[in-house]
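Letter by letter, the sequence shown follows residues 6 to 141 in the working numbering.
Glycine residues also receive a C-beta, built at the ideal position from the N, C-alpha and C atoms.
No experiment lies behind these values; they were computed from the predicted model shown.
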Amino acid sequence: MSARGKARRRALDILFEAEARSQDPLSVLAERLERAEPPVNEYTATIVEGVCRHRARIDELITTYAEGWTLDRMPAVDRNLLRGGTYELLWMPDVPEGVVISEWVGLASELSTDESPQFVNGLMARFKQLKPSLTL
């Protein structure tokens, strides 16, 4: 797994843990940075901070385009995969869109349900297609 791949996985871990503990992801990130065991990559922090900064818009987009699914009904892993992936896809233009989608779909394959990779791929591909028209 690439350094950025590991950073994405760690960002997902932090986002998921924060939700499970009903804590702010930035607090969990701060704990991890302080503990530094395992070390937290700068890219991990960038993703977590970006998701927090744009969370309302990210959740609005997911809710709008996830046909037949509400945020509350999605598995927590999928919800946080989509948050991290959507942030990276829409607010980090230096990362190739295909790489972003592939990496987050790979995490869905590894960590979530059998249907999750297709769901994550479909929604992120839709965001990629609509990206020029989405108001960020």
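For Glu-2, report the span of its alpha helix (DSSP H) as first-last. No information on residue 2 is available, as it lies outside the stretch 6 to 141 that the chain covers here.
Buried or exposed (CB count within 10 angstroms, at least 16 for buried), Glu-120: With fewer than 16 Cβ atoms within 10 Å of its Cβ, Glu-120 is classed as exposed.
In whole angstroms, what is the alpha-carbon distance linking Asp-99 and Arg-26? Their backbone Cα atoms lie some 32 Å apart in a straight line.
So, does the region 71 to 81 touch the region 42 to 53, judging by three or more C-beta pairs under 8 Å? no
Would you call the region 111 to 119 and the region 58 to 66 in contact, with 3 or more CB pairs under 8 Å? no
Do you know offhand how far Leu-139's Cα is from Ile-67's? 12 Å
Buried or exposed: which applies to Met-129, given that a residue is buried once 16 or more other Cβ atoms fall within 10 Å of its Cβ? So Met-129 ends up on the buried side.
Please report the distance separating the alpha-carbon of Glu-42 from that of Trp-109. Cα-Cα distance, rounded: 24 Å.
So, using beta-carbon positions, are Arg-15 and Val-45 closer together than 9 Å? yes
Identify, in the order they occur along the chain, each residue of the same chain with its Cβ nearer than 7 Å to the Cβ of Lys-136, setting aside the five sequence neighbours on each side. Leu-95
How should Glu-93 be labelled, buried or exposed, when 16 other C-beta atoms within 10 angstroms of its C-beta is the threshold for buried? A residue is called buried once 16 or more other Cβ atoms fall within 10 Å of its Cβ, and Glu-93 is buried on that count.
Ignore the nearest five residues each way along the sequence and tell me which others in Asn-126's own chain have a CB closer than 6 Å to its CB. Val-110
For Pro-43, the three-state DSSP class (helix, strand or coil): Coil, per DSSP.
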